[in-house]
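Per this note's numbering, residue 132 is the first one in the sequence shown, and the count goes up by one each step. From the three backbone atoms N, C-alpha and C, an ideal C-beta is built for every residue, glycine too. Treat the numbers as computed from the prediction; the structure is a model and nothing was measured. The structure under discussion appears below in the form of structure tokens.
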Amino acid sequence: MGAYAAYRGWYEIRVQRTPAVRDPVIDAPGAVLRKITDALDAVALQRLPASSRAC
């Protein structure tokens, strides 16, 4: 975990210099997190009554 944190810090410095930087080591955890979040949102929406759902 420490190595990832150090790499992430180095990545943030690169992004400040060149905003268009893409990096698969950084993008992969974000993609996984998006999938988990989408799945949890779908489950939550199924459990909420229709009157409670946001538009």
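Check, Outcome
"Range of the contiguous alpha helix (DSSP H) that encloses R145", "G133 to R148"
"Coarse secondary structure for R153, derived from DSSP in three states", "coil"
"Touch test, the segment 161-169 against the segment 134-153, Cβ-Cβ under 8 Å, three pairs minimum", "no"
"Sequence-distant residues of its chain with Cβ nearer than 6 Å to V146 (five each side left out)", "V152"
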